[in-house]
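Participant:
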Amino acid sequence: MSRSNKRHLYNQIFERVTIAGVAAEGKAIARHNDMVIFVNYGAPGDVVDIQIKKTRRRHMEGEIIKFHEKSSQRTEPFCEHFGICGGCKWQHLGYEEQLKYKQKQVTDSIERIGKVDYDFELSPILASENTRYYRNKLEYTFASRRWLMPEEIAGGEEITNHEALGFHIPGFFDKVLSIDKCWLQPEPSNAIRLEVKDFALKQDISFYDFKTKEGQLKNIIIRNNAKGQFMVIVVLASGDDEKRQLLMEFLRDRFPEIVSLHYMINDKANSSIGDLEAVHFSGTPYIMEEMEGLQFKIGPKSFYQTNSQQAYGLYKVARSFADLKGDEIVYDLYTGTGTIANFVAAKARKVIGVEYVEEAVKHARENATLNGLTNLAFAAGDMAKVLTEDFLEQHGQPDVIITDPPRAGMHPDVTARIAESGTRKIVYVSCNPATQARDIELLAKNYKVTKVQAVDMFPHTQHVESVVLLERI
Ligand code: SAH
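Each residue of the sequence shown is one higher than the one before, counting from 2 in our numbering.
#1: Roughly how many angstroms lie between the CA atoms of Ala21 and Thr436, to the nearest whole one?
#2: Got a sec, what are the start and stop residues for the beta strand (DSSP E) His69 sits in?
#3: Assign Phe208 to one of two classes, buried (16 or more other C-beta atoms within 10 Å of its C-beta) or exposed (fewer than that).
#4: Since Asn343 is in the alpha helix (DSSP H), which residue starts that stretch and which ends it?
#5: Roughly how many angstroms separate the alpha carbons of Asn131 and Gly216, rounded to a whole number?
#6: Pull up the distance between the alpha-carbon of Val11 and that of His93, whole angstroms please.
#7: Got a sec? Which residues, its chain only, sit under 6 Å from Asp328 by beta carbon, not counting five neighbours each side?
#8: Are the beta-carbon atoms belonging to Pro434 and Gln106 less than 8 Å from one another?
#9: For the ligand SAH, is there a heavy atom less than 7 Å away from the beta-carbon of Thr213?
#10: Give a yes or no on contact between the stretch 226–242 and the stretch 258–275, applying the rule of three or more CB pairs nearer than 8 Å.
#11: Check whether the Cβ of Thr274 lies closer than 7 Å to any heavy atom of the ligand SAH, and answer yes or no.
#12: So Gly46 packs on Thr76, CB below 8 Å; how close in whole Å?
#13: What does DSSP give as the partner residues of Met36 in its beta bridges?
#14: For Lys298, is the classification buried or exposed, using 16 other Cβ atoms within 10 angstroms of its Cβ as the cut-off for buried?
#15: Starting from Ile266 and walking both ways along the alpha helix (DSSP H), at which residues does that stretch end?
#16: I'd like the ranges of any alpha helix (DSSP H) spanning at least 4 consecutive residues and lying wholly in the stretch 356–435.
#17: Take Val352 as the anchor and find which of Glu360, Asp383 and Arg320 has the nearest alpha-carbon.
#18: Does Val177 come out as helix, strand or coil in the three-state DSSP assignment?
#19: Looking only at C-alpha atoms, which of Phe173, Glu152 and Arg147 sits nearest to Ala165?
#20: For Gln246, does the three-state DSSP call read helix, strand or coil?
#21: What's the C-alpha gap between Gly172 and Thr462?
#22: Could you give the distance in angstroms between the alpha-carbon of Leu185 and the alpha-carbon of Ser179?
#23: Please name the residue, chosen from Phe79, Phe256, Ile66 and Thr338, that lies closest to Arg194 on a Cα-to-Cα basis.
#24: Go ahead and pull the three-state DSSP assignment for Ile441.
#25: Counting contacts by CB-CB distance shorter than 8 Å, is Met458 in contact with chain B?
#26: If you compare alpha carbons, which of Val456, Met458 and Arg418 is closest to Tyr448?
#27: Tell me whether the beta-carbon of Thr416 lies closer than 8 Å to the beta-carbon of Leu334.
#28: Could you give the C-beta distance for Phe304 and Val468, rounded to a whole number, given that I count them as a contact under 8 Å?
#29: May I ask whether a heavy atom of the ligand SAH can be found less than 7 Å away from the beta carbon of Val355?
#30: Can you find a heavy atom of the ligand SAH that lies under 7 Å from the Cβ of Tyr335?
#31: Looking at the unbroken alpha helix (DSSP H) that takes in Tyr102, where does it start and where does it end?
#32: Going along the chain, which residues of its own chain have a beta-carbon closer than 6 Å to the beta-carbon of Ala381, five neighbours each way excluded?
#33: Secondary structure at Asp276, three-state DSSP: helix, strand or coil?
#34: Going by Cα to Cα distance, which pick from Ser422, Lys326 and Gly373 is closest to Asp391?
#35: Cutting at 6 Å between CB atoms, please list the residues of its own chain near Leu123, excluding the five before and the five after it.
#36: May I have the straight-line CA-CA distance separating Ala365 from Ile154, to the nearest angstrom?
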């Protein structure tokens, strides 16, 4: 059925449909009369009534409006904001079930998209040690008009507290849900958010209005390390300097856990901070994270894997797949602040890290110095431009390439260069199994998948990391 002749299905209700499986973006999938319907918050095995909300060419999107039977794969979501916040879309699935679907996502991608035969060594997915309070970074948004819950609107009472400090409703850049308790980051993360909101309201510091584009307070970023030390970055529009000072002093004095305090002035319409300058307000300019005795500096804008404990697990898988003997030249592509490069350096002759964010490369070099590692070198620039034949000649032909690209995967020129590099092994670390599988197919002429391990970094979400070892044929 084409899209146009499906339009009449809008708002129609299909009764007693069985949820068949999980699909992309954490949605569940159901089939009805040869039609594919995606819904949020369904569990395979549920029998439900679905109301159609969007008709697309190949599929439809719907909402579950009634449960007839609840799947045995379900568990009671523990967060009061579940279902609206969108942050932990899979809280209604048991953790074991989540892991099963993540593992399947990885193997399905490799087999279907990567067109790889199933003859690799598959280790069971590495479960997250912590399934709550596992994140070391959260970003909250201030809004002058919070998202109202249906029951508040239906209740008919006058609503006075309009301000929000919380998360964007998925799909709406201008709608913010005020959060009372989030289960993702250890305390005092919740206390900081709640008290900042309270203080700002009492002091009459204005919250950003997405319609009029006025208001001073925009975002607050809270980061922490394993030692329980916190870094806070307040992002504000330029405006009342005295009020900003008051808020910063409040944070400094109220929370001894905040060892590194900053603010940023953002007068742009978007909330990206990459192009903003962090103004150091108090404490140390950085916080430090530690892994196997290695030190990593985390600045206000530095990338660091958001689940530190699982990052350690992920790096151990990558290092074990690389199986270094000590005489290898290793390339660590998309090195960020050089974490993997530092992590494998003791077992390699030399490690070359490549990364396009200059500041990250600066931190990567600092990290290497801090760790007393002298066999590391870093280059800054776009991978497709940096990784030339000349570059390989200059730094030495790689024995092992570790690559950890962003969600989009590698540029085809980069994949081609790697395929031709003659490297014995490629350890491909990915946060997006679909693009990883696409790249694996491009490498298939010269490389064979021999080991696969999924790692769960983000419990209660559909996200999964996939580590694949490719060996030269
Ligand atoms: N391996 C690191 C970071 C991985 S995130 C770690 O584990 O911490 C991916 C990194 O790729 C980011 O640091 C991003 O800045 C970098 N990146 C994205 N596109 C790039 C490109 N075209 N060229 C070089 N680096 C890129």
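In this text, a Cβ means the ideal position worked out from N, Cα and C, and glycines have one as well.
Facilitator: On the basis of the coordinates in this document:
#1: 25 Å
#2: Met61 to Glu70
#3: buried
#4: Thr340 to Ala346
#5: 37 Å
#6: Reading the sequence as shown, one finds Tyr at residue 11 and not Val. Rounded to whole angstroms, Tyr11 to His93 spans 27 Å at the Cα level.
#7: Arg350
#8: yes
#9: no
#10: yes
#11: The question names Thr, but residue 274 is Ile in the sequence shown. No, the Cβ of Ile274 stays beyond 7 Å of every heavy atom of the ligand SAH.
#12: Rounded, the Cβ-Cβ distance is 13 Å, inconsistent with contact.
#13: His33
#14: buried
#15: Where Ile266 is concerned, there is no enclosing alpha helix (DSSP H), although the beta strand (DSSP E) it sits in stretches over Ile259 to Ile266.
#16: 359–371, 384–387, 390–396 and 413–421
#17: Arg320
#18: strand
#19: Arg147
#20: helix
#21: 16 Å
#22: 15 Å
#23: Phe256
#24: helix
#25: In summary, chain B is missing from the structure at hand, where a single protein chain is found.
#26: Arg418
#27: no
#28: Wrong, their Cβ atoms sit about 18 Å apart, outside the cutoff.
#29: yes
#30: yes
#31: Tyr96 to Asp109
#32: Glu359 and Val362
#33: coil
#34: Ser422
#35: Val453
#36: 51 Å
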